[in-house]
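Okay, structure first, notes after.
Protein chains in written order, with the numbering used here: chain A, -19 to 174; chain B, -19 to 174.
This is the structure:
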């Protein structure tokens, strides 16, 4: 894998040539086509993915067959089914490329080897996890106290780059509203209603 | 602080006498009375807490003055407002002792010193964070797909020890239902309705 790509992923880490080589041995570049499923609900999970370009979506299908979008992941984010990746359980969600994407794959086994040989990487991921946990708490509070319109505005601010490229039913399912409500909210915002 | 207490908190870590001393210097035992607030919405956050005994609750108050219970934390859990603790923001929630509790406090500063001197501790917290992230994903899916009754059953399974000691309005607010619905669900379960 290109050295520049490794610097891009681990930009917060001071990387020696030796460390770059070690990382290159345990990371794999993956091209993923729009519509492709990387992780499937009920199956084993071996990988987490860094998004170099493109966009992914995680969703789960409930017992009634209804789809719920949990998260979108854009450039420079990591994504996986974490009960699967961290705890060896079966995936509780699906992860799908919603645009043609270039991803960097890190297997569980590769990760263990890296952690054993490269303590700075443990710090790197510990800091990422702290931000993830803080974001989860913020999102939980937002989901309880924001109106659908406020949630949509937060979505646009977080995912500014992808809003135009994501299907309306994905956005509506992420916000927990109908497509009709999404359309009404957009019209209100376009008209400048507060 | 007692050596046995440190072994209890860090039971997954191989501790030398020197490491125990270092930990003892950066952890503080705190007695917290029922009703006491440890973290207040809008204020700075300096500490995270390990629950040695007792029970804590995190909640936030929305713009309409309505209280939402986010989490209960019981024996051997860690709790804090993480946007505050990890990212230096103002607290987005309150954390309250709902029983007289014995807590072990870890300051941000103490934590930084420990991480710098004690790499095994970084692994210890990295693993805790992985479990936290996996739990958040599971809880998000449960909140989208479970009925109120299923959520209550999951609550009872998770918090078996405290269910009898927590006020009904805390449980109802955690489940996002009214006290009347909670009462109805309990009656259905007592009658053995499926």
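Idealized CB from N, CA, C, for every residue including glycine. All figures in this text were calculated on a predicted structure; none of them were measured in a lab.
For the pair residue 48/B and residue 61/B, the Cα-to-Cα distance works out to about 15 Å. For residue 162/B, no Cβ of chain A is located within less than 7 Å of the residue's own Cβ. With 16 or more other Cβ atoms from the protein chains shown falling within 10 Å of its own Cβ, residue 64/B counts as buried. The closest CA to that of residue 107/B, considering only 13/A, 18/A, 66/A, 53/A, is found on 66/A. When secondary structure is reduced to three states using DSSP, residue 87/A falls in the strand class. Neighbours of residue 92/B in chain A, taken as residues whose beta carbon is under 8 Å from its own, are absent, since the nearest beta carbon is some 11 Å off. The beta-bridge partner set that DSSP reports for residue 47/A consists of 41/A.
Here residue 75/B is buried. Its C-beta has 16 or more other C-beta atoms within 10 Å. Around the beta carbon of residue 156/A, a 10 Å sphere encloses fewer than 16 other beta carbons of the protein chains shown; the residue is thus reported as exposed. Burial check for residue -4/A: the Cβ neighbour count within 10 Å stays below 16, so the residue is exposed. Counting only residues of its own chain and dropping the five nearest sequence neighbours on each side, residue 102/B has a CB closer than 6 Å to the CB of 95. Taking every protein chain shown into account, the CB of residue 14/A has fewer than 16 other CB atoms within 10 angstroms, so this residue is exposed. Taking a C-beta distance under 7 Å as the contact criterion, residue 165/A and residue 54/A do not qualify as a contact pair. Against chain B, a Cβ distance below 8 Å from residue 73/A picks out 117, 121. Using a Cβ-Cβ cut-off of 7 Å, residue 98/A does not count as an interface residue toward chain B, since no Cβ of chain B sits closer than that to its own.
In the DSSP assignment, residue 33/B falls within the beta strand (DSSP E) that extends over 27 to 33.
For residue 48/B, the closest Cβ of chain A is nearer than 7 Å.
In the displayed model, residue 146/A falls within coil according to three-state DSSP, outside both helix and strand. Not a single CB atom of chain B sits nearer than 7 Å to the CB of residue 155/A. Contact check for residue 93/A against residue 7/A fails: the beta carbons are separated by 7 Å or more. The three-state reading of DSSP puts residue 71/A in coil, since its state is none of H, G, I, E or B. Contact annotation, residue 31/B with residue -16/B: C-beta distance approximately 16 Å; criterion of less than 8 Å not satisfied. Within the region -19 to 5 of chain B, no residue has its Cβ closer than 9 Å to any Cβ of chain A. Residue 52/A places its beta carbon 7 Å or farther from that of residue 132/A.
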